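**Student:**
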Amino acid sequence: MAADRDDQTDIRTAASVRAALGLEGEHLALWTDRLAAIPEPVAPAELPAGPELETLLERLGVPEIDRPEIAALRREVTAPGSPLRWLLDRAAAEVIADRGRLNYDPVPDLPLELGAAGRYFHAFVFLAAVPSVRAYHAELGVGDEVSWSSLADLGNKVDVYRRTFGVGGFDKQVWMNLPFRGVLYRLGRLQFNLGSHPDGEPGLGVHIPEGGAMDPESCDASFARSAGFFQQFFPEYFRGEGKDGIRVSCHSWLLDPQLAEYLPEQSNILRFQRRFSRPESEPWRQHEPDEKGLTQGDRGIVEFVFRRMVTTPEEIAALPAHSRLERAVLAHLADGKHWQGGHGYVMVGNGSTAR
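If you're matching positions, the sequence shown starts at 166 in the numbering used here and goes up one per residue.
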């Protein structure tokens, strides 16, 4: 059980923070030790309050139901001398220092025993990083529309947490490092992040955020927009003799070829799949079932389609299926088959159409 978080004991070391909050396990130890290694003095994380905080939460797409709870938790998370404040200052400093960095280190969840402050903690980290990433966007010349729509993925993930677990919180901190370090941008319907391919070649990753149809016209517009955007703001990704564009990769349950057994040929998902080539030299990894009989792909597609975290086939079988896609996911698993996901590449820029 964590110690009383109103205790104003002077927190100076990672070990004392772990003891005060009841943080156990290797991942939390590695993370807190990494934060403790940040050179002093660590700048205090700055968070808006009152109407300014409400405006920021609205701008970031945080659902109305979560905003009062986040506002009420601000005092606890920022209490001077508290272990949560020690974590907040250093975690925010790490995100800010990693601005523009492609690789990132693991960031574990806090224990559920810490209550709402623990569940929302990492959302506060990114709220504190907003001024830094907004300044970075301005330095690059990225406009407000792209800047705010990219950062508003925070609100979507807060919404996803509540739909998945039935309470407020946020647990997509590893993913959220991408937009808040300035390496992922939402361009219309799709998101694109800077990265590199397995062969070391610089490239982009494409992602499909929730909300709105995946119609070909919207996707066409996003791919076309991505070429101009990254050529303008990250031209180094297009340099090189004979380079005819930039390679964009997608790794997703949406590219599982088995979906073609259940969905109409002209469905948006299958039309999206057909944009991508799947090189034989890079076969998609096949996940083996775990002791419960589920693969990583099974759990992933159920989480994204149903917004449920499942541990057994029985839990999956009990899920209600209303849409064609939901019925397909369950029928496939009921037949003893497994979902594996898929991956592929498409070229954009210099005349490439990504179609």
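We put the beta carbon where it would ideally sit given N, CA and C, even for glycine.
It should be emphasised that the depicted structure is a prediction, and the values quoted were computed from it without experimental measurement.
With which residues is C415 paired in a DSSP beta bridge?
**Tutor:** Along the sequence shown, read from residue 1 onward, the residue named residue 415 stands at position 250. Per DSSP, G509.
**Student:** Excluding the 5 residues preceding and the 5 following L222 in the sequence, name in chain order all residues of the same chain whose CB lies nearer than 6 Å to its CB.
**Tutor:** As a working mapping, residue 222 is identified with position 57 in the sequence shown. If we look at L222 and ignore the five residues flanking it on each side, its Cβ neighbours are R232.
**Student:** Count the other CB atoms, across all protein chains shown, that sit within 10 Å of the CB of D171; report buried if there are 16 or more and exposed otherwise.
**Tutor:** Residue 171 sits at position 6 when you count from the first residue of the sequence shown. For D171, the pLDDT reaches just 43, beneath the cut-off of 50, and the residue's location in the model is therefore unreliable, although a value from the coordinates is still provided. Residue burial is scored here from C-beta neighbours: D171 has fewer than 16 other C-beta atoms within 10 angstroms and is therefore classed as exposed.
**Student:** Y285: which of A300, S315 and E241 sits nearest, CA to CA?
**Tutor:** As a position in the sequence shown, residue 285 is number 120, starting the count at 1. Checked all of A300, S315 and E241; the closest Cα to Y285 is E241.
**Student:** Y269 by DSSP, collapsed to three states: which one?
**Tutor:** Numbered from 1 along the sequence shown, position 104 holds the residue referred to as residue 269. In this structure, Y269 counts as coil in the three-state DSSP scheme.
**Student:** Who are the Cβ neighbours of A244 in its own chain at under 7 Å, not counting the five residues just before and after it?
**Tutor:** Numbered from its first residue, the sequence shown carries residue 244 at position 79. Answer for A244: R250, listed in chain order.
**Student:** For V307, which residues of its own chain have a beta-carbon under 8 Å away from its beta-carbon, when the five flanking residues on both sides are left out?
**Tutor:** Locating residue 307 in the sequence shown gives position 142, counting from the first residue. Answer for V307: Y350 and F398, listed in chain order.
**Student:** Output the boundary residues of the alpha helix (DSSP H) element that contains G465.
**Tutor:** Mapped onto the sequence shown, residue 465 falls at position 300. It spans Q461 to F471 - the alpha helix (DSSP H) in which G465 sits, taken as one unbroken run.
**Student:** Enumerate, from N- to C-terminal direction, the unbroken alpha helix (DSSP H) stretches of 4 or more residues contained entirely within the region 293-367.
**Tutor:** Entirely contained in the region 293-367, the alpha helix (DSSP H) runs reaching 4 residues are, in chain order, 309-316, 318-330 and 338-345.
**Student:** Measure the beta-carbon distance from L200 to L252 and round it to whole angstroms, keeping in mind my assumption that it falls under 8 Å.
**Tutor:** Locating residue 200 in the sequence shown gives position 35, where the first residue counts as 1. Locating residue 252 in the sequence shown gives position 87, where the first residue counts as 1. Contact between L200 and L252 holds: CB atoms are separated by about 7 Å, below the 8 Å threshold.
**Student:** Would you check if the distance between the CB atom of A293 and the CB atom of A202 is smaller than 8 Å?
**Tutor:** Residue numbering aside, residue 293 sits at position 128 when the sequence shown is read from its first letter. Residue numbering aside, residue 202 sits at position 37 when the sequence shown is read from its first letter. No. Outside cutoff.
**Student:** Compare the Cα-Cα distances from V207 to each of F289, P454 and A257 and report the closest residue.
**Tutor:** What you label residue 207 is simply residue 42 of the sequence shown in a count that begins at 1. Answer by Cα proximity: A257.
**Student:** Under three-state DSSP, which class holds L369?
**Tutor:** In the sequence shown, residue 369 corresponds to position 204, counting from 1. Of the three classes helix, strand and coil, the one that applies to L369 here is strand, per DSSP.
**Student:** Which same chain residues end up closer than 7 Å to T518 when comparing Cβ atoms and leaving out the 5 residues on each side of it in sequence?
**Tutor:** Stepping through the sequence shown from its first residue, residue 518 is reached at position 353. With a pLDDT of 49 at T518, under the threshold of 50, the modelled position of this residue cannot be trusted; read the value that follows with caution. Same-chain partners within the cutoff: there are none.
**Student:** For A378 and L225, what's the separation of their Cα atoms in angstroms?
**Tutor:** Looking up residue 378 in the sequence shown gives position 213. Looking up residue 225 in the sequence shown gives position 60. Their Cα atoms are separated by approximately 21 Å.
**Student:** Please state if the CB of G506 and the CB of H362 are separated by a distance shorter than 8 Å.
**Tutor:** Counted from its first residue, the sequence shown places residue 362 at position 197. Counted from its first residue, the sequence shown places residue 506 at position 341. Not closer than 8 Å, so no.
**Student:** Taking only the alpha-carbon atoms, compute the straight-line gap between F295 and S312 and give it to the nearest angstrom.
**Tutor:** By one-based count along the sequence shown, residue 295 stands at place 130. By one-based count along the sequence shown, residue 312 stands at place 147. Note that residue 295 is Val in the sequence shown here, rather than Phe. Rounded to the nearest angstrom, the two C-alpha atoms are 10 Å apart.
**Student:** Quick check on G462: buried or exposed, where buried means 16 or more other Cβ atoms within 10 Å of its Cβ?
**Tutor:** What you label residue 462 is simply residue 297 of the sequence shown in a count that begins at 1. So G462 counts as buried.
**Student:** By Cβ distance below 6 Å, which residues in the same chain neighbour T178 in space, the five residues on each side in sequence not counted?
**Tutor:** Here residue 178 refers to the residue found at position 13 of the sequence shown. None.
**Student:** Give every residue of the same chain whose Cβ lies closer than 6 Å to the Cβ of V227, excluding the five residues on either side of it in the sequence, and list them in chain order.
**Tutor:** Position 62 of the sequence shown, counted from the first residue, corresponds to residue 227. Correct list, in chain order: G320 and V323.
**Student:** Pair every Cβ in the region 466-479 with every Cβ in the region 355-371, then say whether three or more of these pairs are closer than 8 Å.
**Tutor:** no
**Student:** Starting from T585 and walking both ways along the alpha helix (DSSP H), at which residues does that stretch end?
**Tutor:** This structure cannot speak to residue 585, because the chain is shown only from 166 to 520.
**Student:** Could you say which of A184, G353 and V272 lies nearest to E382 if we only look at CA atoms?
**Tutor:** To locate residue 382, count along the sequence shown from 1; it is residue 217. Among A184, G353 and V272, the Cα nearest to that of E382 is on G353.
**Student:** Under a Cβ-count criterion, where at least 16 other Cβ atoms within 10 Å of its own Cβ denotes burial, should A392 be classed as buried or exposed?
**Tutor:** Here residue 392 is taken as the residue at index 227 of the sequence shown, counted from 1. It counts as buried.
**Student:** According to DSSP, S442 sits in a beta bridge with which residue or residues?
**Tutor:** Taking the first residue of the sequence shown as position 1, residue 442 is located at position 277. According to DSSP, S442 bridges with Y510.
**Student:** Whose C-alpha, out of L459, I466 and S414, is nearest the C-alpha of Q423?
**Tutor:** For the purposes of this step, residue 423 is taken as the residue at position 258 of the sequence shown. Comparing Cα-Cα distances from Q423 to each of L459, I466 and S414, the minimum goes to I466.
**Student:** Would P273 and L193 qualify as a contact pair, given that the criterion is a beta-carbon distance under 8 Å?
**Tutor:** Locating residue 273 in the sequence shown gives position 108, where the first residue counts as 1. Locating residue 193 in the sequence shown gives position 28, where the first residue counts as 1. For P273 and L193, yes; Cβs fall inside 8 Å.
**Student:** Check this for me: beta carbons of A496 and Y427, under 8 Å apart or not?
**Tutor:** Your numbering for residue 496 matches position 331 in the sequence shown. Your numbering for residue 427 matches position 262 in the sequence shown. Yes, the Cβ-Cβ distance between A496 and Y427 is below 8 Å.
**Student:** Closer than 7 Å by C-beta to P213: which residues in its own chain qualify, once you throw out the five before and the five after it? Chain order, please.
**Tutor:** Counting from one through the sequence shown, the residue named residue 213 turns up at place 48. The answer, listed in chain order, is L221.
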